[in-house]
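Here full-length UniProt numbering is used: the first residue of the sequence shown is 1, the next is one more, and so on.
Think of the CB as a built atom: it goes at the ideal place given N, C-alpha and C, for glycine as much as any other residue.
From a predicted model like this one, the values you see are computed outputs, not experimental measurements.
Since the structure comes first, as structure tokens, the remarks are kept for the end.
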Amino acid sequence: MQLAVLMGFLLAAVAPLLHHWFGGHTARVIAAYPALVAVWLLGLAPEILAGETLLLEWAWVPGLDISLTFFIDGLSWLFAMLITVIGAMVLVYAGEYLRGHRDLARFLVIITAFMMSMLGLVLADNLVTLFVFWELTSITSYLLIGFNHTDPEARKSALQGLFVTAGGGLALLAGFAMLGVAGDSWSLVELNAQGEALREHALYAPLLVCVLLGAFTKSAQFPFHFWLPNAMAAPTPVSAYLHSATMVKAGVYLLARLHPSLGGTELWVITLSLVGALTMATGAFLAIQHTNIKKLLAYSTVMALGTLTMLLGIGTDGALTAFVVFLLAHSLYKGALFMVAGILDHETGTKDVTAMGGLRSLMPRTAVVAAVAAVSLAGLPPLLGFLGKELMFKAVLEAEAWRWLILLLAFTAAFLTLAVAAVVVLRPFAGKRRETPNTPHDPPGDMLVGPALLAGLSLIFGLAPGLLDGLVSVTASGIGASEVSAHLTLWHGVNLPLILSLASLALGILVFRHWDGVRSALGRLEPLMARGPEACYEGMMRGLVTVAEWQTRMLQNGYIRNYLVMTLLVLLGLVGHALFFRHSPSFPFSLDAYFHEVVTAGLMVAGAVTACVMRSRLAAVAAVGIMGFSIALTFVLFSAPDLAITQLLVETLTVILLVLVLFRLPRFATLSTTMERLRDLVVACLVGTMVTLLMLSVLGGERLPRISDYMVENSQPLGHGHNIVNVILVDFRALDTLGEMFVLALAAIGVHAMMRFHAEEYDAKPSAPSERYDG
């Protein structure tokens, strides 16, 4: 499984080459990969449905005890199947939707990497691995939302989504760190096994708040819901995939995965129940106001994500069963409906449902697919969405905290969502024929096969829900339910959930019939809604820019001496405070030194003082060179020839470069006042004194074991080398050395580019007039 995810990233990297070979068929070729992964996952179905789990581990960073560990149970298997199956359909759909687009190859690179990031996220067992994939989904979704990078609206929406989700990601990182400390493990499997201890830990409340912030921002929970509808600036294939199987469901997945270890407390139940219910009602309320079909569907996704969060908050066996059914139902109908929305936009040239009408005769196959998916969205029989809504109502009636408030919000969301579903399918396809910018017709098979299959699955699972009994039972049990044995049926008799469904049907039809009037009435609330969470976000961004401008004027004003003074003053404050107030340092001082050592130290002091008082740059550079060579001599005197050679080479090269550069600069000029120079002198003396005292304190303190002793003892056993310096560089400090190599490589690339640039500029210059004339 690890190889499958990593090979997926390799496939993303070679997508441009595949596009060069296969042209318009590239999307189908790439779609074969997630389809094959889905087939492999399908082969695991018997074990998963039998309640077995798979733990696949591959040592990633053994020295830090970090492994690329994948855990497959009912929950991760369900998500992985949704990601790969819907991902394959979206790729085929996108190949036709974006046919002829100049950036199709770039799109395939990003969406394939996005797919693999999401797949790695839902399979990861290690918290570090999960967080890496979590951030990869944020980055790749940013690139997908801003795919049309020439569109300012797309760029703004992409940045908004990135800021919101990345900010939540920082909180999640802190939460994961506390979770790992509290549970003394980075494995989700091990953490879920010690849920009671975690819930009683002193860090439980802060780590839960951080985890919830990460999950709420990712899954667009109120008040972070505004970024998701704005993400509709992305191409429709992205919207279909983002809303049905990936990205926005990542936060919901994380909450479900951590439910056994963190769920069940009063803080968990109240927070998730109320936030989820409020998000559910907010999404449905905002959806009914829009005429853009993608915005209609986007806000209905916010509603669904709130429903899923609310069910996890309620946390009963019935609620967790409803969670699984609603999750699957939403993935199927939302993927189908977004692809239908793309078809309508592609064929008619407009996204406005009020500009469409009577398309059923021109697009009969699309109309059938849209009708089936919309009926599931509305929660009507015999579609799977009906089961999800019925189970949701039943779970809400079993809630212990804030039951009647949650029920009111759930009922409001139900009838408003039904009205949205009616608008999505009836406005475009029913009624009188309206003229559209393009003459519509049913799309090619590649665009229709995906939504048709998803809508068909909604119908099949609705008519035969018993097919899902095993999967629902295993998945619900894996996220904290007691031994659940689900028996899904369409008919449960006349009960309160059915009565609520019928009432929501009646109100939904009423809202749809008076939709134009409802939108007009709600339009009066626009001034109030304009001051909502998105306005707070915009205000925060403006404040951030204001603060950035202020600190730039104050701190980054273009004078390097001011930068150095500020940096050194902060160093004095932090290190000096720690040295004198948090410790009791001793400063052993001894003049037991040989004459040649004193002379060498004197040369260093003389070089430093000379460099400060010289008004000739070349003389100052020479003085700095004296100080550097004296340091190299000190290394020789104290038996460190490796360091001495390195210092000599670096110092020689530095002096030569400084001479070559400074030789062309103008003469010294007095740009500072006497007071500023005195200030610099005081700061320099204070820093020098502090560093001296710090070194003396280190030499006189033996509170901790010496690092050098560890290096000497383990150089040969661990690093298999007798040269301790070499072992430190390539083993103990391998990452640091790798970073230095990377910096050198970048510098070499930059130098090469500059040389090529000047060479090409020289070659491009016209010949002298006489030569050009003679030619």
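| Item | Value |
| --- | --- |
| Does the separation of the CB atoms of Ser715 and Ile724 fall below 7 Å? | yes |
| Would you kindly report the start and end of the unbroken beta strand (DSSP E) that includes Ala59? | Leu54 to Val61 |
| Taking the alpha carbon of residue 784 as the point to measure from, which residue in Ala177, Leu213, Ser244 and Leu191 has its own alpha carbon closest? | Since the first residue shown for the chain is 1 and the last is 775, residue 784 is missing from the structure and cannot be characterised. |
| According to DSSP, is Ala193 helix, strand or coil? | coil |
| Mapping DSSP to helix, strand and coil, what is Ile479? | coil |
| Where does Ile72 sit, in a helix, a strand or coil, going by DSSP? | strand |
| Report the rounded CA-to-CA distance for Ile48 versus Ile72, giving the unit in angstroms. | 8 Å |
| Residues bridged to Asp352 by DSSP? | Asn292 |
| Determine the DSSP secondary structure at Ala31, reduced to helix, strand or coil. | helix |
| Helix, strand or coil: which one does DSSP assign to Gly335? | helix |
| Could you compute how far the alpha carbon of Val727 sits from the alpha carbon of Met711? | 9 Å |
| For Gly607, is the beta carbon positioned less than 6 Å from some heavy atom of the ligand FMN? | Absent from the structure shown: the ligand FMN. Ligands present: none. |
| Which one of Met310, Thr600 and Val624 has the shortest CA to CA distance from Thr610? | Val624 |
| Would Gly357 and Lys295 qualify as a contact pair, given that the criterion is a beta-carbon distance under 7 Å? | no |
| Pick out whichever of Leu312, Ile343 and Ser504 has its Cα sitting closest to the Cα of Pro237. | Ile343 |
| Is Ile145 near Gly161, with beta carbons less than 7 Å apart? | yes |
| Quick check: what's the CA-CA separation for Leu579 versus Leu694? | 7 Å |
| Just the Cα atoms here: how many angstroms apart are Thr546 and Val324? | 46 Å |
| Does Ser630 come out as helix, strand or coil in the three-state DSSP assignment? | helix |
| So the candidates are Ser219, Gly180, Met627 and Gly739; which of them puts its Cα closest to the Cα of Leu203? | Gly180 |
| Are there three or more Cβ pairs, one per stretch, closer than 8 Å when the segment 409-426 is compared with the segment 529-541? | no |
| For the putative contact between Met392 and Phe285, defined by C-beta atoms under 8 Å, what is the C-beta separation to the nearest angstrom? | Incorrect: roughly 17 Å between the Cβ atoms, too far for contact. |
| Nearest to Pro465 by alpha carbon, out of His487, Leu418 and Pro444? | His487 |
| Put Asn126 into one of helix, strand or coil per three-state DSSP. | strand |
| The alpha helix (DSSP H) spanning Phe285 covers which residue range? | Glu266 to Ala287 |
| Answer yes if the segment 287-304 comes into contact with the segment 444-458, meaning at least three C-beta pairs across the two stretches below 8 Å, and no otherwise. | no |
| Helix, strand or coil for Ser300 per DSSP? | helix |
| For Phe581, count the other beta carbons within 10 Å of its own beta carbon; 16 or more makes it buried, fewer makes it exposed. Which is it? | exposed |
| How far does the alpha helix (DSSP H) with Met540 in it reach, from first residue to last? | Pro533 to Met554 |
| With a CB to CB cut of under 8 Å and the five nearest residues on each side skipped, what residues in its chain are close to Met178? | Leu203, Pro206, Leu207 and Cys210 |
| Can you look up Asp774 in the DSSP assignment and give me helix, strand or coil? | In this predicted model, Asp774 has a pLDDT of only 34, less than 50, meaning its place in the structure is not dependable enough to derive any value. |
| Going by C-alpha distance, which of Ile293, Leu311, Tyr253 and Ala256 is nearest Gly276? | Leu311 |
| Using only the alpha-carbon positions, how far apart do Leu11 and Ile30 sit? | 8 Å |
| Roughly how many angstroms separate the alpha carbons of Phe70 and Lys218, rounded to a whole number? | 22 Å |
| Under three-state DSSP, which class holds Ser715? | helix |
| Is there contact here, the segment 116-133 with the segment 79-89, by at least three beta-carbon pairs under 8 Å? | yes |
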